[in-house]
Amino acid sequence: LLKQEIRCPCSITHSLSTEMRSLLVYFFIIQFVHSSCPWGFALVRDGECRGNYTRINTFQDEALVAIIAKCEEIQGQPIIIHDEDDQSFWRNHMSTMWVSMGLTCNIHSQLWEWSDGSALDFKPAVGYDTKLDEPCVPAYTWAMNSDGGWYPWIFGDKAIVTDVYCTVQLQQPVPADDGCDGFADDSEDGVCYQVGETAENWQEAQMNCKTIGANLASVHNQQENAFIRRLAVSNGAVNGLFLGASLSGKGKDFGWVDGSDWDYENFHQGFPRTGFGDCLAMDTSISTGQWMNMDCAAKLPVACIRDQKAVVQPSCGPGPWDEGTIITSPGFPYSASTFCDYFLSVEEGKKVEVEIVFLEANACCDSLVLYDGYLGASVLANLTGELTNATFTTTSSNIMRVNWQPN
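Position 187 (the sequence shown) corresponds to 187 in the UniProt record's numbering; numbering is contiguous.
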């Protein structure tokens, strides 16, 4: 089988045989770089992961503090309810008669509030203790029962075992409006900077920059030099860092590794010095950020530089999707809030097979719909939430419409 890959919040791959042509599809509907829901948690909406984290043994007067502390282990919060959708979710997902909530007492205002500091702005229409309307009492732990009612949780002086439910907010990356995603921007010089970790030597420093699509930094005026020095200090590189110049192959003159002109220099008095080394470094311990030649085998942090990238507005590709093509959905790897249609076709007499390698969508409101055909076709599958390694095949058509519906 020949294979082809396509990415969006989705990605799709074709493979061709005598009976069917299949497409491997990766739909990352909400993309979070280096981040995903804890195991067993559901991605519900707006990057919120909710689920049962663990089980603890606790006493009544310690329950709330213990539950908050457990959720903090995964950078989360206990159950917090701001509207009927939140109320309905937790009521439908609780596995015991009672689940604790993150209601805390603000001793200054004497009002109940949630553990993240947000206001108590919702109460169930029926079934809550009127103590919620009275000045708060710090010792209380509130819980929801299986009917959705909110009541103080009173279980005496005996320890009980209880499930800990948490919400974890994933941080969705936001594309920079200056084309410097993940890098720092120095106004209008058209380039982006990043200070990286300590490298074993100058050669490794250049390789580290290459892995993020950059080069060791070249410097062409005092403004750039000052910006790099400030960026270094703000990232903890206060004892020097490598720049992108060396003597190798340049005789007695330094040259920038990115090939740009040597049109500015800021050497420390008396530098460069014979025998001190063939690679260039900045002294970040002083405000002027002056340069010294260093042994290329020295261990220093690195300053990387790359050109700004064009800022492209999300749009759907028109296709057709050929084998070997990678398709990226609108906004990938950021928001997937743009409606998209993908029409996947093969020769007549063959069928389209799609494998969803990974789907991550807000279960509350987003869906990926697969059709057995296109206009007026029947629905093969309506998918949401998290899904991996699932295969779908048309039954009667050589066309499959893949429709992303964000809401």
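Even glycine gets a Cβ: it sits at the ideal position worked out from N, Cα and C.
Self-check item: Three-way DSSP call (helix, strand, coil) for residue 90 in this model
Solution: In this structure, residue 90 counts as helix in the three-state DSSP scheme.
Exercise. Could you please give the first and the last residue of the uninterrupted alpha helix (DSSP H) stretch that includes residue 225?
Key: Counting along the chain, the alpha helix (DSSP H) containing residue 225 begins and ends at 222-234.
Quiz item: Per DSSP, residue 78 forms a beta bridge with which residues?
Solution: Residue pairing of residue 78 in beta bridges, as defined by DSSP: 166.
Quiz item: Taking just the CA atoms, how far does residue 321 sit from residue 256?
Solution: Whole-angstrom Cα-Cα distance: 42 Å.
Quiz prompt | Burial state of residue 88, where buried means 16 or more other Cβ atoms lie within 10 Å | solution = By the neighbour-count rule (16 or more Cβ atoms within 10 Å), residue 88 is not buried but exposed.
Exercise. Would you mind giving the Cβ-Cβ distance between residue 240 and residue 216, rounded to the nearest angstrom? I have them listed as a contact below 8 Å.
Key: Residue 240 to residue 216, Cβ: 14 Å. No contact.
Exercise. Tell me where the alpha helix (DSSP H) around residue 66 begins and ends.
Key: In the DSSP assignment, residue 66 falls within the unbroken alpha helix (DSSP H) covering 63-72.
Quiz item: Distance, Cα to Cα, residue 209 vs residue 275?
Solution: Whole-angstrom Cα-Cα distance: 27 Å.
Practice problem: Classify residue 144 as helix, strand or coil using the three-state DSSP reduction. | Solution: Residue 144 falls in the strand class under three-state DSSP.
Self-check item: Bridge partner(s) assigned by DSSP for residue 379
Solution: Bridge pairing for residue 379: 371 [DSSP].
Practice problem: Just the C-alpha distance for residue 234 and residue 153, rounded to the nearest angstrom, thanks. | Solution: Cα-Cα distance, rounded: 47 Å.
Quiz item: residue 48: which of 238, 168, 291, 229 sits nearest, CA to CA?
Solution: Among 238, 168, 291, 229, the Cα nearest to that of residue 48 is on 168.
Quiz item: Which residues bound the alpha helix (DSSP H) around residue 207?
Solution: Bounds of the alpha helix (DSSP H) holding residue 207 are 202-210.
Quiz prompt | Distance, residue 236 Cα to residue 69 Cα | solution = If you draw a straight line from the Cα of residue 69 to the Cα of residue 236, it is about 30 Å long.
Quiz prompt | As assigned by DSSP and simplified to three states, the class of residue 348 | solution = Under the three-state reduction of DSSP, residue 348 is assigned to coil, being neither helix nor strand.
Practice problem: Compute every distance between the C-beta of residue 133 and the non-hydrogen atoms of the ligand ATP, then say whether any falls below 7 Å. | Solution: Among the components modelled here there is no ligand, and therefore nothing to report on the ligand ATP.
Quiz item: Skipping 5 residues on each side, what residues in its chain have a beta carbon closer than 6 Å to that of residue 90?
Solution: Apart from the 5 residues on each side of it in sequence, residue 90 sits with its Cβ closer than 6 Å to the Cβ of 79 in its chain, given in chain order.
Quiz item: Who are the near neighbours of residue 407 in its chain, counting only those whose CB is closer than 7 Å to its CB and skipping five residues on each side?
Solution: Excluding its 5 nearest sequence neighbours in each direction, residue 407 has C-beta neighbours in its own chain below 7 Å: 365, 366, listed in chain order.
Quiz item: When DSSP builds the beta bridges, which residues end up paired with residue 103?
Solution: Paired residues: 114.
Quiz item: Are there 16 or more other CB atoms within 10 angstroms of the CB of residue 75, so buried, or fewer, so exposed?
Solution: Classification for residue 75: exposed.
Exercise. Assess, as a yes-or-no matter, whether the stretch 141-157 is touched by the stretch 189-207 under the definition of 3 or more beta carbon pairs within less than 8 Å.
Key: Too few Cβ pairs lie closer than 8 Å, so no.
Exercise. Could you check if residue 81 is buried or exposed, using at least 16 other CB atoms within 10 Å of its CB as the buried criterion?
Key: It is buried - the Cβ of residue 81 has at least 16 other Cβ atoms within 10 Å.
Quiz item: Comparing alpha-carbon positions, which option in 398, 94, 388, 340 lies nearest residue 348?
Solution: When each option's Cα is compared against that of residue 348, the closest is 398.
Practice problem: Within its chain, find whatever has a CB closer than 6 Å to the CB of residue 382; leave out the 5 residues flanking it on each side and keep chain order. | Solution: Cβ within range, chain order: 367, 369.
Quiz item: By Cβ distance, which residues of its chain are closer than 6 Å to residue 393, with the 5 residues on each side in sequence left out?
Solution: Result list for residue 393: 351, 353, in chain order.
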